[in-house]
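Chains Y, P, C and S, in that order, give the protein sequences. For the first sequence, the positions run 1 to 178 when this note's numbering is used. For the second sequence, the positions run 1001 to 1402 when this note's numbering is used. For the third sequence, the positions run 2001 to 2400 when this note's numbering is used. For the fourth sequence, the positions run 3001 to 3245 when this note's numbering is used.
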Amino acid sequence: MTMRGPGFLDQLDAAVPAAVVGRNLEAIDPWIEVAPERIVDVCAWLAKSSPVRFDSLQCITAIDWLETDPKKAAKVTWQPHTEMVYHLWSTSARVSLVLKAKLPRWKSDVPGELPEIPSVCGVWRGANWHEREVYDLSGIWFTGHPDLRRILCPEDWEGYPLRKDYEMPLDYHGIRGR
Amino acid sequence: MAQMLDDDPRIIEFDVRTDEMLVNMGPQHPSTHGVLRLVLRTDGEVVSEVEPHIGYLHRCAEKIGENLTHRQWIPYTDRMDYLAAMNMNLGWALAVEKLMKYQVSEKARHLRVLITELNRIASHLVGMGAYGLDLGTFSPFLYAFREREKILDLFEEACGARLTYSYITVGGLTADLPAGWLAKCEAFLEQFEPIIKEYHALLTTNAIFVKRTANIGVMSRELAIEYGCSGPVLRGSGVDQDMRRDGEAIYTAMYDGYAFEVAVMKNGHYPRDHDYPAVPADAVLGDCWHRFFVRMLEVVQSMDLVRQAMDRYSACKGPLGEPLKLTEKMPAGDAYLETECPKGQMGFYLVSDGSAIPWRVRARSSSFSNLAVAHELCRGCLIADVPAIVGSLDIVMGEIDR
Amino acid sequence: MAEFLINTVGLPDWLAWTVTAMVAAALILNVIAGGALVFIWAERKIAGRIQDRLGPTRTGGKFGWLQSLADGIKLLAKEDLMPDGADGMLFRLAPYVSFCASFCAFIALPFAFDFVGQRMNVGVFFVIAVLGLEVFGVILAGYASASKWSLFGAMREAAQVVSYEVPLGMCVVVPVMLAGSMDLVTIAEKQAGWLTNWYLFHDPFTFVIFWVYVTCAVASVNRAPFDLAEAESELVAGFHTEYSGLRWSYFFMAEYGSMFLVSALAALLFLGGWNGPVPVASLLGLSEGTGDTAGYFVRLLGMANLLGKATLGVLIMMWIRWTLPRLRIDQVMMTCLKYCTPIAAAMFLGAMLWQVALPGGLVPALRRPAGEIREGWLPGPGGAFALPSADAGKVAKVNP
Amino acid sequence: MISALSMIAGISTAAPLPVAAINWHSVFFLLFAAIACGFAVAVVAAENVVRMAFYLVLSLGATAGLFFLAGAEFVGAMQLMIYVGGTLVLLVFGVMLTAQAPLVAIKGSGRDRVLAGFVGVALLAVLLQSAFSVKPWRAAAAGMVAEPAATPIGMSLVGVRVDDPAGGAPATNKRPGYMLPFEIVSIHLLVVLVGAAYLARAKRRKTPRAIEVAASVEPPASVAEHASIGRERQRSGSVLAGGRS
């Protein structure tokens, strides 16, 4: 179900000014790009006061755009960054919507400092576990998340496996890693 | 007098009020489906807080997906929800076909419906049997597995495997059905019809079963939607949503022309296409009993779909068509598709940079969201209710941990 | 037997008596141990049949009847480990307490006319009292295993068994009232003759109270829908989570022992004990008293009857176990306090009023005037107490 | 073990004893008495509370054995059921639930032991003195059958003293049974039950008490510093508490 009509977009712009910074309506799944710090306002409007109530957050994904292979890195057009993708679904109108947000790979480009984005747990409580998984596997810090801990990897695991430059640790509690 | 006691140093006042106890249910617990660890904070028998700990079966299939081509990743989707591997394969295959705008042959489409609906019956049988086991009755588990064995025999003849098939792949199916397979499938459906009535008598309308499940773990519509629950868990709360009817165009196209009614309680009653037992008096919409009952309805619904798919499959003349080459290049871009799996809506998100190997693969698991709501339902219930509630969510750890 | 040992074998006096006592005790133990072995095999077979499969078929011949022996050897060979946090002495002692309590009740249980270990005047009361002791083994096991799960199992078991003793006691009182004595032999004797003489069919109230007795018995023995204590789906394995090997098998034997005991008690109290549905012995003109071999044969027939009924009771318990799901602890308590106890009380009242209205039972009362209905225990003529008979007759009428 | 003992006790009392060198009756009397007193002392001497409760069970069980030995089967069964089966189950139940770490081992100080010992000995002296000053027991009343039966007890509770008509007078004359004390006791028990039910009414705490929670197992010390890098990034509170509104 694609998001019908730019009319809906104008209502979104009117309600949450200067939040939508990009769009692509011709893609297979049309999406709009939102400024990371305004994500909560957009989601709150979409879930609570939009004509089409997006009351269900289906999935949050973090894509690590970094080409580690030097040969291919030369031909790459985009700068290394992290992209957050939110898939929303409206049970009443049976319509889906895709929100994207661009984040730097490391906060202020200091390796080890996780990029930050406000948490949407306030809007949908289901986001709690999704955001914990993205933090655990991709290393994105969700500010305002009630209980941000690793969910899939062990509590004291280091590093974030789904990052392109992730190195498997040599051993973990005596178990050989590589 | 009490005042005097307070400042008397010799009297040591132990805090003997009922202290709460932290109890670990799992990960090696007979009633948690697979390796799930539930930390219960209990006050005597009453559970005040449940905290699920997952990740014991985490194999990071998504990281592996970034090094394999789309067809090579199919066996990994088998291992996610290993009780309904066909539906998983279908989900991933459709996601890639959506990105590549590839249309499979009509015969392949009907065969896919036939196979995935049979797999749904097998998955619900396991769900029903395991739920009986959670509530303490052992026999239905074995009856369910006896019937499931027959379905697995059919799958073994079709694709050679009994649990992780990799039968449906990108661009069609790896092989066509052997001769005589349809007759065997018809025979199975024939003898399976009366047995379903037996299961209803054994569990659904059993007084003790109703007493253990009715009005327990009641989930409201809003809570279910807010937590992103899906499938029988969502329909058990009365939300009329089924991806086979409301999903993406490429997925609903497979079910065009199939007559089926979504198994949900609409304006006070369940679909009446077959004679189902009545809803017991003290069962509230959204409780464990309704989730279980929706699954039982879907088994009958899937049997009808399989029959229609068999007729359409034998009717169409064309060849089955070959699946795509192993290293078929994908156009750059991304695609997300959710299919209706037995446990709920399983979504596959695929980001491609133009080569045959996807840049990023993301599997959105239905049991992951269904389990997330468990701590809301188990607050204030008894210890014996925790397996009943978690069992009614019908979770599979392979799918949650990926 | 003691005299035989003293005179012919020439054993010293005290040794002879000890040996006799030991033999008698061993006889009773083996009746139950043998029974437990058969029941273990029967449970596997019945569970198999109910679940559309065969059950054991390989060990010892086609029907796998050596399966229990195989289990026994496995349990003997298994390592008896003990969790480190456990309280050593209590952990080791708990299975034996539970085992002894369950077997101790068999002393007062008559298998035929006077095939009874120790004929007690308070037979029923003694059995119910000792049945209540079995809960000790479970509580101590639960506490001593130092694991939260066994503690839960022990607490549930204690609460359930102690509360189900109340309705159980009430159900047992009705046959005692009808027979006029707590002596199990007398109760069974009073039900001699045809099927209709059984207390089950004595009056509608005893019929209902029989089914209440069955429920409470199943609950107090921790079987079928009431097996909370070792609910594997919630409490891992309840109080015997930490037990393995021989210690675990003692709990197992105790469970089967008390299952057999409770069904034998049901047979004695309601189903005419050793009197078969058709009084074969009296039809053939034989009775306990007529000569040695004939009396022995009658007692054997009676024993077969009782064992048959008790085994039937155990098989029914197994059948229930493999079909019904488990109740929750508060539902178990609720059935006890809100259903079993009130119904048992009402039926007891009913049975008593029925007894007053029609002392000899429905049919005889219609035929014979109420006056000369015999009352076994009242001090009437030939009553239990030799009283001067001057006004004995009057006494009989005053309070029938 | 208990069943074998009761078996021997049973046989020795019921069967008419030939004049044997061993008087079985006294053998078992001494045995049960030894068990009863021995475990009674063990109850006092033990430190683990639950073991104390268990010794009490054995001691009272042996007392029940004494009753059976004395032919009072009804009282023996009553003792088994009321004391051992009822009171001690609740006692063990209570002890089991409260025997958490600080309360399990109870050690009396030296001074308490001496004091307790003194009181015990004094009580023993009084008991012995009164035991030996009793006239030889009255022979069984003429005409009363010494067959131990529960029926006369039951009848006397209902007001008809069938067992001891005092001089052959008919059973139902002015010798009233124990009807009055029996009724008083039953009323008394009823009051106790109602009181217990009132005291034990469920006082469930409304909001679960927040306790610091170690839900996840702490990694072993050797890994602690190894994991320190990831540790300080966590700003939010502990696992279960925290900002859960």
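We put the CB at the ideal spot given by N, CA and C, even for glycine.
{"Query": "Alpha helix (DSSP H) segment containing C/Lys2045, residue limits", "Result": "Asp2013 to Ile2050"}
{"Query": "Per-residue contacts from C/Lys2148 into chain P (C-beta, under 7 Å)", "Result": "Met1021 and Val1023"}
{"Query": "Which of helix, strand or coil DSSP assigns to S/Glu3218", "Result": "With a pLDDT of only 41 at S/Glu3218, under 50, the local geometry of the prediction cannot be trusted, and no value is derived from it."}
{"Query": "Rounded straight-line distance, which links the Cα of P/Ala1363 to that of P/Ile1250", "Result": "18 Å"}
{"Query": "Contact between the region 1215-1231 of chain P and the region 110-126 of chain Y (3+ Cβ pairs under 8 Å)", "Result": "yes"}
{"Query": "Proximity to P/Gly1236 [Cα-Cα], best of P/Met1080, P/Met1296, P/Val1096 and P/Trp1092", "Result": "P/Met1296"}
{"Query": "Sequence-distant residues of its chain with Cβ nearer than 7 Å to P/Glu1328 (five each side left out)", "Result": "Ala1356"}
{"Query": "Alpha-carbon to alpha-carbon, C/His2240 and C/Trp2149", "Result": "9 Å"}
{"Query": "Simplified DSSP state of Y/His145, which is helix, strand or coil", "Result": "coil"}
{"Query": "Residue nearest to S/Leu3069 in terms of C-alpha spacing, selected from S/Leu3189, S/Val3027, S/Thr3151 and S/Leu3091", "Result": "S/Val3027"}
{"Query": "Within chain P, the residues that C/Gln2331 reaches when beta carbons sit closer than 7 Å", "Result": "Lys1211"}
{"Query": "Cβ contact check for the region 2313-2329 of chain C and the region 2135-2142 of chain C: 3 or more pairs under 8 Å", "Result": "no"}
{"Query": "For P/Met1330, the nearest candidate out of P/Arg1109, P/Gly1171 and P/Gly1318 (CA to CA)", "Result": "P/Gly1171"}
{"Query": "Coarse secondary structure for C/Phe2111, derived from DSSP in three states", "Result": "coil"}
{"Query": "Nearest-angstrom Cα separation, counted from P/Glu1020 out to S/Thr3207", "Result": "Only weak support exists for where S/Thr3207 lies, its pLDDT of 49 falling under 50; the coordinates are left without a value."}
{"Query": "For Y/Thr218: DSSP bridge partner residues", "Result": "Summary: the structure shown does not reach residue 218 of chain Y, with chain Y confined to residues 1 through 178, and so no result is reported for it."}
{"Query": "Minimum C-alpha distance to P/Pro1232 - residue among P/Ser1366, P/Gly1091 and P/Pro1319", "Result": "P/Ser1366"}
{"Query": "Residues sharing a beta bridge with P/His1053, DSSP", "Result": "P/Arg1037"}
{"Query": "With 16 other Cβ atoms within 10 Å as the buried cut-off, status of P/Leu1382", "Result": "buried"}
{"Query": "is_contact[C/Ile2050, chain P] using C-beta, thresh 8 Å", "Result": "yes"}
{"Query": "Integer Cβ distance of S/Phe3067 from S/Gln3079, believed to fall under 8 Å", "Result": "6 Å"}
{"Query": "Endpoints, alpha helix (DSSP H) assigned at P/Asp1304", "Result": "Cys1288 to Ala1315"}
{"Query": "DSSP three-state assignment for Y/Val95, whether helix, strand or coil", "Result": "strand"}
{"Query": "Contact list for Y/Gln58 against chain P, beta-carbon separation under 9 Å", "Result": "Gly1228, Ser1230, Tyr1336, Glu1338, Gln1345, Gly1347, Arg1364 and Ser1369"}
{"Query": "With 16 other Cβ atoms within 10 Å as the buried cut-off, status of C/Asp2084", "Result": "exposed"}
{"Query": "Per DSSP, cross-strand counterpart(s) of P/Ile1168", "Result": "P/Leu1173"}
{"Query": "For P/Cys1348: DSSP bridge partner residues", "Result": "The sequence shown places Phe at residue 1348 of chain P, not Cys. Partner(s): P/Leu1337 and P/Ala1363."}
{"Query": "C/Val2031 at chain S interface by Cβ criterion, 8 Å", "Result": "no"}
{"Query": "Coarse secondary structure for P/Ile1121, derived from DSSP in three states", "Result": "helix"}
{"Query": "Pair within 8 Å by beta-carbon distance, P/Ala1158 and P/Leu1177", "Result": "yes"}
{"Query": "Residues of the region 21-43 of chain Y whose Cβ lies closer than 8 Å to any Cβ of chain P, in chain order", "Result": "Ala27, Ile28 and Asp29"}
{"Query": "Assigned exposure category for S/Met3295 - 16 Cβ within 10 Å defines buried", "Result": "Residue 3295 of chain S is absent from the structure shown; chain S starts at 3001 and stops at 3245."}
{"Query": "Interface partners of C/Leu2327 on chain P, CB under 9 Å", "Result": "Gly1136, Ile1208, Lys1211, Arg1212 and Ala1384"}
{"Query": "Neighbourhood of Y/Val134 by C-beta distance below 7 Å, restricted to the same chain and skipping five residues each side", "Result": "Ile60, Ala62 and Ile140"}
{"Query": "Beta-carbon spacing of P/Gly1380, P/Val1046 below 8 Å", "Result": "yes"}
{"Query": "Neighbour list for Y/Leu162 in chain P, Cβ cutoff strictly below 7 Å", "Result": "Glu1062 and Lys1063"}
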